[in-house]
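In the UniProt record's numbering, the protein residues as written are 1 to 358. Note that CB positions come from ideal geometry on N, CA and C, so glycine has one too. Have a look at the structure below before the remarks.
Structure follows, in structure tokens:
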């Protein structure tokens, strides 16, 4: 059949898909901050739970290791420098061995990495400062609010919402973790404000980490760690110098308080374990999501107390024990809610999948 008019394209120029390799053009279409917000629901459950288990294992082991190391090495900023230094060296070695390739970043992306490293350092600085102004139970209780601030950041900045069951599951998670760490609460006004600021920074750091790896930039976790670690290491060393830790460490070495062999081996083992934790943490954040990471933080508090009961003869009262049970129930509800969310997303994608035209 002949046409009386000129052929018309099925799609207008604005509606046509971009070429798959046209990355620069792709960045200009749509709001990048809304991209891939629910990336965790596309990950197979087996992969997600494997990385979560790895993260929990290394996190708990490093927590106990730090407890032993900091008993003799009273320099938290130098320990942070050690961790980020090992992360830098370890990921660079992985790059040389061909485990990943570097992405080409522009000036804007590099500035964003510098800003993130500053956020990383600020989070540690505020946490250390606030911990010196409030009691440990109060500090731990306030940190339990991190999932709430994570949800608020996603809601306000990205417009993301979660299911009602996910919201409800956070109630026993937060209350239970608070009961587990309950103790004598004492704080100053400045300490209270700094602690809240520290919680907000911790939640923001977790969300930004996730968006670096799942948003428009989509950096691989190990590459992101390699790019961020040297900057964070330099900032941690600067903070250690400013707070007098470097001078105090030199004095300890001069007076024989630092054993060159045993202490160095202990710190090297601690740094290597921190490297493994950082790799698992960044991968878990990308695959499981930022909210799940903050929920894991609450659950880790309970597991740490449970390990302390067996390893360090820590005594807990009925309130603490009940808090552990409530937290475990909350974790189970949260896991079920996230699995339901994933299944619901799959059904929606299947329902709206376009049929192939011939």
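When only Cα atoms are considered, residue 63 and residue 351 end up about 46 Å apart. Where residue 272 is concerned, the enclosing alpha helix (DSSP H) starts and stops at 262 to 288.
Our two residues, residue 286 and residue 225, have alpha carbons roughly 12 Å apart in a direct line.
Judged by their CB atoms, residue 324 and residue 176 are nearer to each other than the 8 Å cut-off.
Sequence-distant Cβ neighbours of residue 66 in its own chain, meaning closer than 8 Å and more than five residues away, are 79, 270. In the DSSP annotation of this structure, the continuous segment of the alpha helix (DSSP H) that includes residue 341 starts and ends at 318 to 351.
The closest CA to that of residue 284, considering only 275, 251, 221, is found on 221. For residue 314, the three-state secondary structure derived from DSSP is coil. When the beta-carbon positions are compared, residue 178 and residue 130 stay at least 8 Å from each other.
With fewer than three CB-CB distances shorter than 8 Å, the segment 338 to 351 does not count as touching the segment 196 to 203. With respect to the C-alpha of residue 148, the residue from 161, 46, 136, 138 having the closest C-alpha is 161. DSSP places residue 71 outside any alpha helix (DSSP H), giving it a letter other than H or E. Between residue 337 and residue 165, the CB-CB gap stays under 8 Å.
Under the three-state reduction of DSSP output, residue 100 falls in the coil class, being neither helix nor strand. Around the beta-carbon of residue 290, 16 or more other beta-carbon atoms lie within 10 Å, marking it buried. Here residue 154 carries a helix assignment [DSSP, helix/strand/coil].
The residue from 215, 232, 134 with its alpha-carbon nearest to that of residue 189 is 134. By the Cβ rule, the segment 83 to 99 does not count as touching the segment 247 to 261, because fewer than three pairs are nearer than 8 Å. Distances from the CA of residue 300 to each of 41, 238, 206, 53 were compared; the closest alpha carbon is that of 53.
Its Cα nearest to that of residue 193, the residue 138 stands out among 228, 138, 77. Spatial neighbours of residue 276 in its own chain (CB-CB distance under 8 Å, excluding positions within 5 residues in sequence) are listed in chain order as 58.
As the crow flies, the alpha-carbon of residue 212 is around 32 Å from that of residue 136. Runs of alpha helix (DSSP H) with 4 or more residues, each lying fully within the segment 132 to 213, are found at 136 to 143, 146 to 153, 164 to 180, listed in chain order. Ranked by Cα distance from residue 154, the first of 303, 209, 171 is 209. Measuring C-alpha to C-alpha distances from residue 218 to each of 97, 109, 44, 340 identifies 109 as the nearest. Residues 174, 177, 178, 298 of the same chain have their beta carbon placed closer than 6 Å to that of residue 144, with the five preceding and five following residues left out of the count. Under the 10 Å beta carbon count, residue 260 is surrounded by fewer than 16 other beta carbons and is classified as exposed.
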